[in-house]
Every structure is written in structure tokens, then in C-alpha cells.
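Enquirer: Here it is, the structure, as C-alpha cells.
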Amino acid sequence: MAMNALSEPRSTPSTSGSPDVTGFYHEKTGSIVYLVVDPATRHAAIIDPVLDFDPRSGRVTTASADAILKVIAERGLTIDWILDTHPHADHFSAAAYLKEKLGAPTAIGAKVADIQKLWEKIYNLPPYSTQYWDRLFADGDTFRIGSLDARVILCAGHTLASVTYVVGDAAFVHDTLFQPDSGTARCDFPGGSASTLYDSIQRILALPDATRLFTGHDYRPNGRPAQWESTVAQQKRDNTHVGGGCDRTSYVAMREARDKTLPLPELMLAALQVNLRGGRLPDPEDNGRSYLKIPFNAF
Ligand SMILES: [Fe+2]
172 MAMNALSEPR
182 STPSTSGSPD
192 VTGFYHEKTG
202 SIVYLVVDPA
212 TRHAAIIDPV
222 LDFDPRSGRV
232 TTASADAILK
242 VIAERGLTID
252 WILDTHPHAD
262 HFSAAAYLKE
272 KLGAPTAIGA
282 KVADIQKLWE
292 KIYNLPPYST
302 QYWDRLFADG
312 DTFRIGSLDA
322 RVILCAGHTL
332 ASVTYVVGDA
342 AFVHDTLFQP
352 DSGTARCDFP
362 GGSASTLYDS
372 IQRILALPDA
382 TRLFTGHDYR
392 PNGRPAQWES
402 TVAQQKRDNT
412 HVGGGCDRTS
422 YVAMREARDK
432 TLPLPELMLA
442 ALQVNLRGGR
452 LPDPEDNGRS
462 YLKIPFNAF
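Per the numbering used here: the sequence shown = residues 172 to 470.
Laid out in C-alpha cells, this is it:
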């Protein structure tokens with residue numbers, strides 16, 4: 172494992188019918204990769220795995236994904252699913268790489284097709300395929316991780332296709348709610364909507380109060396240690412953007428004003444070209460090398 176690719180994983184034990192959850196913090200992008208384990212069968216899912224990319228050199232490496240493979244081997248886990256919550260704008264997905272290594276099926280929200288259409292135009296590329304994933308989840312779809320029941324809640328707003336995965340008492344909410352002191356995710360990418368995100372967050376907050384919520388990012392405000400787990404009750408009370416019963420109009424005004432002040436993610440134009448192909452680099456050219464396209468003045 173390369174130095175500092177992923178910090179030491181931290182685990183949360185499960186209650187009965189619920190998964191053991193291990194979070195791996197990716198320092199460079201503030202992303203959290205999850206290993207979601209059914210303790211009864213030792214079957215597991217990986218959520219939002221990261222491929223390492225150095226934009227200065229164009230080098231793509233697998234240290235972070237390999238660190239997770241090592242834990243999977245050490246713990247003797249069988250991976251049932253490699254899941255993404257949405258096409259990320261800040262890092263490359265390691266889904267395709269891990270599928271190659273583990274043979275497990277990949278999945279993402281079905282509305283990824285709508286995001287592909289938006290970005291095909293921006294990049295002026297031929298149509299993307301939805302065949303890059305083995306399964307596309309619609310709102311309400313269910314699946315299993317070992318003996319655990321999992322279900323999908325469409326949670327659009329940050330992107331058109333964002334989904335939350337609910338497994339027992341755990342929900343993987345990615346870019347909707349962050350930790351209570353950090354608020355909520357931005358909504359200004361193509362297809363984003365603050366009012367839609369508000370409604371999606373209400374769906375998450377309607378889960379039982381004790382539900383463990385696992386966020387997709389933490390940017391360590393004021394230099395505190397990285398955190399990624401909260402509960403519905405904590406978020407309802409303390410979330411700096413939506414806690415205390417904040418209404419939709421105030422939320423949307425706050426979110427839209429704040430988004431205008433945020434620079435676009437450094438890797439957005441690179442990351443979408445990979446993530447809309449399920450974590451595959453663009454097809455190689457006749458010299459065997461892959462290239463990215465950067466649209467000038469599209470944003
Ligand atoms: Fe995101």
C-alpha cells in the first residue's frame with residue numbers, strides 16, 4: 172500500500188440483521204470507501220471504491236483498491252457486490268478494477284443513463300453504454316449481501332442518479348448529508364438540484380432515528396479527525412444545513428448561494444470521463460494509450 176493512500180480502516184460492529192461496516196478514509200480526496208460485511212455469512216459489498224489518479228503525471232494506480240483487497244483476503248470475505256452511489260466528480264471509481272480482481276457484479280443507480288446523456292454532449296463523445304455495470308438500480312429495488320436484505324432509495328439532487336443503499340440499520344448516503352458539522356452536498360453539477368436534494372434528505376431523515384448513516388466524504392472542518400458515521404437522530408438535531416427542521420425554501424436559498432462560491436472539483440472533467448464508463452479509462456488510441464478530453468469554456 173502506498174503511503175497515505177488510505178488511512179487505517181475503522182470498523183463499527185453490527186446489531187443483529189445488520190452489517191459490520193468498515194470505513195477506509197482516502198486522504199487525498201476526503202472520500203470514504205466502505206466494506207459492508209454480513210457477519211453471519213462473511214459475504215460483503217464494497218461501496219464507492221477509489222482508484223488513485225495523479226493529475227500532474229496522468230498516472231493511475233491501485234494502491235487504495237489493493238489495500239481493500241488485502242483486508243478482504245485477510246478476513247476471508249466473499250464479495251457479492253461492488254457498488255457506486257453515483258458517478259463521482261472528485262475521484263475515479265475502482266469498480267471495474269475490483270470486478271476484474273474479484274469477479275463480483277458492479278451496480279449503480281439506473282438514472283446514470285441520464286447523466287451519461289448530459290456529459291456526452293459536454294465532451295462531444297459517442298454515446299456511453301449502460302452495459303458498463305452488471306445491474307442498474309431503480310428506486311425501491313432490493314438485493315442481498317449474504318443473508319442481509321439491502322434496498323435502494325433514489326436520492327437525487329447532488330446528481331440525477333444518486334442512490335442511498337440501506338442495509339439493516341445502516342444507510343450509505345454518500346453526497347447527501349455529510350457529518351452534522353459539515354452539512355450537505357453541493358448541487359451545482361450538471362443535473363443537480365438543491366430542492367431535489369432537500370426532498371432526498373427528507374427520505375433519509377424518515378428512516379428510524381437509530382439508523383447509522385455513513386457519509387461519502389469528510390473534509391475535516393477545523394482540522395478535526397476524519398469522521399463518517401452519524402445517526403438519523405443526530406442529523407435531525409444537529410446538521411448545520413438541515414437540522415432543527417430547516418424548511419425547503421431556506422435550504423434551497425442557502426445551498427444555491429453557497430454553491431456559487433465553490434470552485435469546481437479539480438478532477439471533475441477527468442473523473443466523469445472514467446466514472447461514466449464504470450471506472451474504465453477511455454478506450455486506448457492506436458498507440459495503446461488512453462487519453463482524456465478537456466472541453467474549453469464549457470463551465
Ligand atoms: Fe459526489
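The beta-carbon is built from N, C-alpha and C at its ideal position, and this holds for glycine as well.
Let me know the secondary structure DSSP gives T347 once reduced to three states.
Expert: coil
Enquirer: Given M172, which residues of its chain have a CB within under 6 Å of its CB, disregarding the five upstream and five downstream residues?
Expert: Bear in mind that a pLDDT of 37 at M172, under 50, signals an unreliable position, so the number given afterwards is only what the model happens to contain. These residues qualify, in order along the chain: A234 and A238.
Enquirer: Near ligand 1, which residues have their beta-carbon closer than 7 Å to a heavy atom?
Expert: Cβ atoms closer than 7 Å to ligand 1 belong to H257, H259, A260, D261, H329, T330, H345, D346, A356 and G387.
Enquirer: So, under 8 Å CB-CB, A471 and T249 are touching, yes? Tell me the CB distance rounded to an integer number of Å.
Expert: The displayed coordinates of the chain run from 172 to 470. Any statement about residue 471 would go beyond what the structure contains.
Enquirer: Taking the alpha helix (DSSP H) that W290 falls in, what are its first and last residues?
Expert: V283 to Y294
Enquirer: Using the DSSP secondary-structure output, state which residues sit across from I324 in a beta bridge.
Expert: T335
Enquirer: Whole angstroms are fine: how far does the CA of S421 sit from the CA of K270?
Expert: 43 Å
Enquirer: Just verifying my parser: in three-state terms, what is the DSSP assignment at T420?
Expert: helix
Enquirer: In chain order, what residues of the same chain lie with their CB nearer than 8 Å to the CB of G459, ignoring the 5 residues before and after it?
Expert: None.
Enquirer: Find out if the Cβ-Cβ distance for the pair D346, H388 is shorter than 8 Å.
Expert: Yes, the pair counts as a contact, with Cβ atoms nearer than the cut-off.
Enquirer: For the alpha helix (DSSP H) holding I372, just list the boundary residues, first then last.
Expert: A365 to L376
Enquirer: Can Y462 and G201 be called in contact, C-beta distance under 8 Å?
Expert: Going by beta carbons, Y462 and G201 fall outside the 8 Å limit.
Enquirer: For P379, I'd like the list of residues in its chain whose CB is within less than 7 Å of its CB, leaving aside the five on either flank, ordered along the chain.
Expert: V403
Enquirer: CA-CA distance, S371 and S333?
Expert: Here the C-alpha atom of S371 lies approximately 10 Å from the C-alpha atom of S333.
Enquirer: Measure the C-alpha to C-alpha separation of F349 and I375 and round it to an integer number of angstroms.
Expert: 12 Å
Enquirer: Using only CA atoms, which one of L433, D191, P392 and D305 lies nearest to A266?
Expert: D305
Enquirer: With the cut-off set at 8 Å, would you say P180 and L443 are in Cβ contact?
Expert: no
Enquirer: Among L206, T355, Q287 and K288, whose alpha-carbon lies nearest the alpha-carbon of G414?
Expert: T355
Enquirer: For the alpha helix (DSSP H) containing Y268, list its first residue and its last residue.
Expert: A266 to L273
Enquirer: Helix, strand or coil: how does DSSP classify E400 here?
Expert: strand
Enquirer: Ends of the alpha helix (DSSP H) at S235?
Expert: A234 to R246
Enquirer: So the candidates are I253, P210 and F385; which of them puts its Cα closest to the Cα of K272?
Expert: I253
Enquirer: Examine the Cβ distances between the segment 206 to 226 and the segment 318 to 327 and report whether three or more of them are shorter than 8 Å.
Expert: yes
Enquirer: Alpha carbon to alpha carbon, what distance is there between A260 and A176?
Expert: 18 Å
Enquirer: Can you tell me whether DSSP reads T301 as helix, strand or coil?
Expert: helix
Enquirer: Using the Cα positions of D223 and P453, report the straight-line distance between them to the nearest angstrom.
Expert: 16 Å
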